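Numbering (the working numbering), first residue to last: 152 to 839.
From the three backbone atoms N, C-alpha and C, an ideal C-beta is built for every residue, glycine too.
Given the structure is predicted, the values throughout are model-derived calculations rather than measurements.
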Amino acid sequence: MVDISFLLSGRHWDNSTLHYTLSSSFLTGSDIRISHINSSISGKIDLPTIANGNSSLALAAMTAWSNVAAITFQPSSNPANADLAILKAVVIGAPVGLTASSVHISPEHLNGAAVFLEDNQSLWAYLHELGHALGLDHPGHTNPSLPASDPHYNTNTTIMSSNYGGRPAITPMIYDIAAIQSIYGANTSHNSGNTTYRFSGNYTAETIWDSGNNDTLDASQNLVDGSARTSPVTLDLREGFDANGKQYSSKVGSQVLFLAFNANIENAVGGSGGDSIQGNGLANKLTGGAGNDSLKGDAGNDELRGGKDNDTLIGGAGADKFIINNGDGLDTIYYGQQNDRIVFNGTTLQGTATYTGNGEYSLLGYKLSQHGFSLEITSPDGKTNMEAYQFFTTSNGVWFDTTNIGITVPGIYKSTGTPKTFTGTEKDDFFNLVGGPNIVNALGGNDTIHGASTVDGGAGNDYIRGTGATDVLNGGIGDDVILSNGGLDTIHGGSGNDRIYSGGGEQKIFGDAGFDIVDYASSQAGVEINLALTTRQEGWTYNYAYGDILSGIEGISGTGWGDTLIGDSGNNLLIGRGGADTLTGGAGADVFKYNHPTSSGGDIGISTINRDIITDFANGVDKIDLSDFAGTFAFRGTGAFTGTAHEVNYAKVAGNTMIGLDIDGNKTLDAQIQLLGLHTMIPSDFVV
């Protein structure tokens, strides 16, 4: 609720039609009887000239007030019975109770011109004095702590202020409109259709009241002569003030424009300069035109068209659409919070077509893991059959996507069977592919690749996910993450420290150079893995490791079930994860890593049933790694827990060694690890 009490005089008309008379007489008071006010405007009326030719200003002021409020001004057939007398006065008068009112215009406020000029002070004088007659007062009249000269209440916010806002106000302003509507109600028929507002660019300030439908601020042409506007403009569709009390405003030439409270404008069109266009919470259509424009949609499902030259398009919240036309230049698009779309218009796609316009397109900030986005491609002939999509960017590499592209134009289809070869760049590329079989040569950069049957990740730390069929996936140089996704795959980690997720399906997994880990987290049963085997892994038929051939693998990460993990003669990393696991490091300096205290999905069970067994722990050589826990463990030897969180001790029990963990500091055993044989543990046996 907007506070407008500081403008209300406490006296107003109790009806909605006011009859007026115009006079050039000099009066110092009034004794004219009150009538009433209604909701229709009678139109332009031919009245005698008053105040040296300023009757047009009086009519303009009355029209301005009736445009925003449910009041009507009509000429009185009998001046003696008029409700309002608009007078030229030596002394500015005030409303007389609830029995009479007069509008006194001091000669010092009149410029004497017979032709109405929108950028002079005379109109402000009529608007101001009519405001008094309708029930408004100077700001701060009811609050001594709020002076009329308060900078927040100047003529940019209320014409009832004598504090000049920098430009002549030629309409009731934002607080005036709210105040007058609180008295008489809003004019809900004024500009109730699809209204387009254009601008002269003159040195004025005004506030728009719009009562509905789909409306547009259009700064593309000069209102006076129709010429194209080439200087930059600022268009802001928001109403009111920001959190710091600064009023939202538009500026076209020398003209400043504000929007009234509850005046909803949906669209904005810039000129051919470098424009700044700001949307609001509605579904906006923002068009920049020529020039390097900045468009920001804010909330709502917006449509942003940068136009020619190099534009910045910011969708904001909502499902936004970014329109890119042929020849638009180098546009930068910032992703919002919902499912946005990028629409490419206006190119003929035949054979292998390249769409570049006058530049390339930068797609920045897309959070593909959290929000989808889609690309639409229009076909001028309605018949183009597209088999693959390839989009180049200048800063973040290449994005290939055939799954999230929204095809809405009839006659354009996605191919699901024709093989395609994609070549990336030396930057960070994104490939999201369906159909195929597709081939990707990613080259350099930290690439993300989904849905290709044959992949060469190249240099960089890549993320590669297979198709579920028979794939050949090569991580290349760098620390890669490779997901099999099932199928009879052949996977090479390449050089670097890679993590390879088996998807089941009797796969050939080669770690190659570096310290590589094979991960069976997605298995629905425990696995049996022996890294010393050069042939197929055995064990239960339905575990994901069955039939896999592993080579050059240094680490194993198990399942949420009971696993049997056996290393080779090298230095191995064994991660049992959940369940009661049996771990054998073999020769070499092995690490047994734990990071979760629960028996469900974690690494260490809290009961004797689920605790892990390490069969060949070698003191001073092997390590038990607890470093992934939230705290740092303190070694207590064979002593009792002291009540401090994250303590580890050990005990020799029945020919075995039991490692105990107190994680929460309640002196109670939270988890155990069993070492076969008797061991004297020392702090260096643990990584804490």
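**Item:** Completely contained beta strand (DSSP E) runs for the stretch 711–788, where each covers 3 or more residues
**Value:** 715–717, 724–726, 733–735, 742–744, 763–765 and 774–776
**Asked** How many Å lie between VAL678 and ILE428 at the Cα?
**Response** In a straight line, the C-alpha of VAL678 is about 59 Å away from that of ILE428.
**Asked** Does the Cβ-Cβ distance between LEU235 and TYR171 come in under 7 Å?
**Response** A contact, by the Cβ cut-off of 7 Å.
**Request:** Determine, using beta carbons only, whether GLY352 and SER405 come nearer to each other than 7 Å.
**Result:** yes
**Message:** Excluding the 5 residues flanking LEU433 on each side, which residues of the same chain have their C-beta closer than 7 Å to its C-beta?
**Reply:** Sequence-distant partners of LEU433 (beyond 5 residues in either direction) whose C-beta falls short of 7 Å from its own C-beta, in its chain, are ASN415, GLU417 and GLY451.
**Request:** Could you tell me which of THR306, ALA329 and ALA379 sits nearest to THR355, measuring between CA atoms?
**Result:** THR306
**Request:** Let me know the secondary structure DSSP gives ILE155 once reduced to three states.
**Result:** Reduced to three states, the DSSP call for ILE155 is coil.
**Prompt:** Since ILE590 is in the beta strand (DSSP E), which residue starts that stretch and which ends it?
**Reply:** In the DSSP assignment, ILE590 falls within the beta strand (DSSP E) that extends over 589–592.
**For ALA676 and GLY698, the rounded distance between their alpha carbons** = Rounded to the nearest angstrom, the gap between the Cα atoms of GLY698 and ALA676 is 15 Å.
**Message:** For the stretch 706–716 against the stretch 725–739, do three or more pairs of beta-carbon atoms, one drawn from each stretch, fall closer than 8 Å, so that the two count as touching?
**Reply:** yes
**Message:** Using a Cβ-Cβ cutoff of less than 8 Å, which residues in the same chain neighbour ALA802 once the five nearest sequence positions on both sides are dropped?
**Reply:** THR789, THR808, MET809 and GLY811
**Asked** Does any C-beta atom of chain D lie closer than 7 Å to the C-beta of ASN413?
**Response** Among the protein chains of the structure shown there is no chain D, as only one such chain exists.
**Request:** Determine the extent of the beta strand (DSSP E) in which GLN332 is found, giving its start and end residues.
**Result:** No beta strand (DSSP E) contains GLN332, which is instead part of the alpha helix (DSSP H) from 325–335.
**Prompt:** For the stretch 657–710, which segments carrying the beta strand (DSSP E) assignment without a break, of at least 3 residues, lie completely within its bounds, in sequence order?
**Reply:** Runs of the beta strand (DSSP E) inside the stretch 657–710: 659–661, 668–670, 679–681, 700–702 and 706–708.
**Asked** Near HIS830, which residues of its chain fall below 6 Å by C-beta distance, leaving aside the five closest residues on each side in sequence?
**Response** ASN770 and THR808
**Request:** With a 10 Å radius around its C-beta and 16 neighbouring C-beta atoms as the bar for buried, classify ARG380 as buried or exposed.
**Result:** The residue in question, ARG380, is buried, as its Cβ has 16 or more Cβ neighbours within 10 Å.
**Item:** When THR715, GLY442, GLY611 and ALA220 are compared against ALA337, the one with the closest alpha-carbon
**Value:** ALA220
**Message:** Using 7 Å as the threshold, is the C-beta distance between ILE824 and ASP763 below it?
**Reply:** yes
**Item:** Which residues DSSP lists as bridging VAL375, in chain order
**Value:** Paired residue(s): none; VAL375 is not in a bridge.
**Asked** How about ASP444 and GLY421: do their beta carbons lie closer than 7 Å?
**Response** yes
**Message:** Less than 7 Å between the beta carbons of GLY737 and ASP719, yes or no?
**Reply:** yes
**Prompt:** ASN353 by DSSP, collapsed to three states: which one?
**Reply:** coil
**Prompt:** What three-state label does DSSP hand MET832 in the structure shown?
**Reply:** coil
**Request:** Go through its chain and collect everything with a Cβ distance to GLY548's Cβ below 6 Å, but skip five positions before and after it.
**Result:** In this prediction, GLY548 scores a pLDDT of 43, lower than 50, which makes its location untrustworthy; the coordinate-derived value is nonetheless stated afterwards. Within the same chain, GLY548 has close Cβ partners THR576, LYS578, ASP579, ASP580 and GLY596.
**Asked** Using the rule of at least 16 other Cβ atoms within 10 Å of the residue's Cβ for burial, across every protein chain shown, is LYS818 buried or exposed?
**Response** exposed
**Asked** Which class does VAL623 belong to by DSSP, given the choice of helix, strand or coil?
**Response** strand
**Prompt:** Between the C-alpha atoms of ASN342 and TYR614, what's the straight-line distance to the nearest angstrom?
**Reply:** 56 Å
**Message:** Just verifying my parser: in three-state terms, what is the DSSP assignment at TYR485?
**Reply:** strand
**HIS289 in three-state terms, based on DSSP** = Coil.
**Prompt:** For LEU437, which beta-bridge partners are listed by DSSP?
**Reply:** ALA419 and LEU455
**Item:** Coarse secondary structure for ALA370, derived from DSSP in three states
**Value:** DSSP places ALA370 in strand when its eight states are reduced to three.
**Message:** Distance check for GLY816 and TYR412, CA to CA, integer angstroms please.
**Reply:** Reading off the sequence, residue 412 comes out as Phe, not Tyr. If you take the alpha carbons of PHE412 and GLY816, they lie about 59 Å apart.
**Request:** Whole angstroms is fine: what's the gap from LEU724's alpha carbon to ILE651's?
**Result:** 14 Å
**Request:** Would you mind sorting PRO834 into buried or exposed? The rule is 16 or more other CB atoms within 10 Å of its CB.
**Result:** With fewer than 16 other CB atoms across the displayed protein chains lying within 10 angstroms of its CB, PRO834 is exposed.
**Asked** Where does TYR315 fall in DSSP's three states?
**Response** Three-state result, TYR315: coil.
**Message:** Can you tell me whether GLY219 is helix, strand or coil according to DSSP?
**Reply:** Residue 219 is actually Val in this sequence, not Gly. If DSSP states are grouped into helix, strand and coil, VAL219 belongs with the helices.
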